[in-house]
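Take the sequence shown: its letters are residues -35 to -1, 1 to 256, numbered as in mature numbering (1 follows the signal peptide of the UniProt record, and there is no 0).
In what follows, a structure is listed as structure tokens, so that the remarks can point back to it.
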Amino acid sequence: MSHRTQSIAARLVSRRLFAGIVSLGVAFSAGLAVADAPAEDDAVQAELFAAIDDGKIDVKFIPLNTTKANVIVNNLTDKPMTLRLPAAFAGVPINRQGMMGGMGGMGGMGGGMGGMGGGMGGGGGQAMGGGMGGGMGGMGGGMGGMGGGGMGGFMRIPPQRQQKLAVTTVCLEHGRPDPTPKMAYKIVPLDFVTKDDRVHVLCEALGNQQVAQNTAQAAAWNLMDNLSWEKLAAKNRVESKYTGNLRWFSPIEIQSAMAVVREATRIAQARSESESESTESESADSLSSDS
């Protein structure tokens, strides 16, 4: 190797070492800055629906189509807010039988108005469901480790500012008109539409990106509307005598949806058993303390 080549190589090594030292210095300084800063300063922490009910935030739910929607959250206070987002939610037409008028965010409804079978009745577009877990699961054709514990993500909003969140959704009432941006919708707890724990697990998985949208849609219609897998497999998205018919779901998506429903059922049952055991344990502890 010539002296010139050695010199060039030495300079390259020196530059790399310098860049590494600078990076370490920046990272170290940033670490100190984070350590010195207050953890949450004066941010107000609240759950999304509770904050709606308390008048701290205004939330607009805008369906873009059957598969996605925008959620725009406006902080009405003069302090930053850290919102705990719902693991699962529903979007419903505001004018559905007048049921949504003057009902706030529906966060304080306790058991909600769920258990209504395959829908809420009345007019308007389909109710929509989704989740806000913000996880990074694999989309794939099926699910990647469903059942994250039912925890939603978080959103931080500066005072008097708004944030937009894009969410993936499924339709929950087969046969009703498809949601469009021109329809007035409102975000509510998923219990408002259904108390079926399997649907809750499904929407949570969708929010965590653990299941593909079209696969989740097949599973949702099977669970909510009792559509058989045979009927779903035969359902057409496009029907044309010129170009032919286009199936809504591929055979792989149907198989994946069947697996998703099985897994959602297993997780829902496990959660129910865990809650029952917890309740029994609390009752036993209460009796012991009273005696």
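We put the beta carbon where it would ideally sit given N, CA and C, even for glycine.
The structure presented is a predicted model; accordingly, all values stated were derived computationally and were not measured.
Are the CB atoms of glutamine 10 and leucine 41 within a distance shorter than 9 Å? A distance of 9 Å or more separates the beta carbons of leucine 41 and glutamine 10.
Limits of the unbroken alpha helix (DSSP H) element including isoleucine 17: Here the alpha helix (DSSP H) through isoleucine 17 covers 13 to 18.
Report the three-state DSSP secondary structure of asparagine 60 (helix, strand or coil). In the three-state DSSP reduction, asparagine 60 falls in the coil class, being neither helix nor strand.
Considering only C-alpha positions, which residue in the set Val176, Met148, Asn60 is nearest to methionine 223? For methionine 223, the nearest C-alpha among the options comes from Val176.
Close Cβ partners of lysine 21 (< 8 Å) along its chain, the five nearest in sequence each way excluded: Val9, Ala11, Asn40, Leu41, Thr42, Met46
Beta strand (DSSP E) containing aspartate 23: first to last residue? Element bounds for aspartate 23: 22 to 28.
How long is the line joining the alpha carbons of leucine 50 and glycine 118, rounded to whole angstroms? 5 Å
Keeping to the same chain, check which residues put their C-beta closer than 6 Å to that of threonine 230; ignore five residues upstream and five downstream. Arg163
In whole angstroms, what is the alpha-carbon distance linking glutamate 169 and alanine 52? Taking the straight line from one Cα to the other gives about 5 Å.
Given that a residue counts as buried once 16 or more other Cβ atoms are within 10 Å of its Cβ, and exposed if not, what is glutamine -30? In this prediction, glutamine -30 scores a pLDDT of 46, lower than 50, which makes its location untrustworthy; the coordinate-derived value is nonetheless stated afterwards. Glutamine -30 is classed as exposed because its beta carbon has fewer than 16 other beta carbons within 10 Å across all chains shown.
Quick one: residues in its chain with C-beta nearer than 7 Å to the C-beta of histidine 165, no 5 flanking neighbours on either side, listed in chain order? Ala53, Leu155
Length of the line joining the Cα atoms of leucine 192 and glutamate 218: 15 Å
Are alanine 184 and valine 225 touching if we call contact CB-CB under 9 Å? yes
Under a three-way DSSP split, which group does proline 123 fall into? coil
State the CB to CB distance for the pair isoleucine 232 and alanine 149, rounded to an integer number of angstroms; the pair is presumed to be in contact (CB under 8 Å). Contact flag wrong, Cβ pair sits at about 34 Å.
Measuring alpha carbon to alpha carbon, tell me which of Ile37, Ile122, Thr32 ends up nearest lysine 25. Selected option, being the one with the closest Cα: Ile37.
Thinking just about the alpha-carbon of each residue, which of Leu29, Ser205, Gly89, Gln127 is nearest to the one in valine 135? Nearest of Leu29, Ser205, Gly89, Gln127 to valine 135, Cα basis: Leu29.
Glutamine 178 Cβ short of 8 Å to the ligand HEM heavy atom set: Ligands displayed in this structure: none; no statement on the ligand HEM is therefore possible.
Within the continuous alpha helix (DSSP H) that includes residue 258, where are the two ends? Because the chain spans -35 through 256 in this model, residue 258 falls outside it and cannot be assessed.
Tell me which same chain residues have a C-beta within less than 8 Å of the C-beta of arginine 202, skipping the five on either side of it? Leu211, Arg212, Trp213
So, with DSSP's three-state summary, where would you put glycine 95? strand
Out of Met120, Arg126, Ala92, Lys196, which one is the CA nearest neighbour of threonine 159? Minimum Cα distance to threonine 159 is reached at Ala92.
Rounded to whole angstroms, what's the CA-CA distance from glutamine 125 to lysine 44? Just pull it up for me. Approximately 8 Å between the Cα atoms of the pair.
Any idea which residues DSSP pairs glutamine 174 with across the strands? Residue pairing by DSSP places glutamine 174 in no beta bridge whatsoever.
Where do the ends of the beta strand (DSSP E) carrying leucine 48 lie? Residues 46 to 49.
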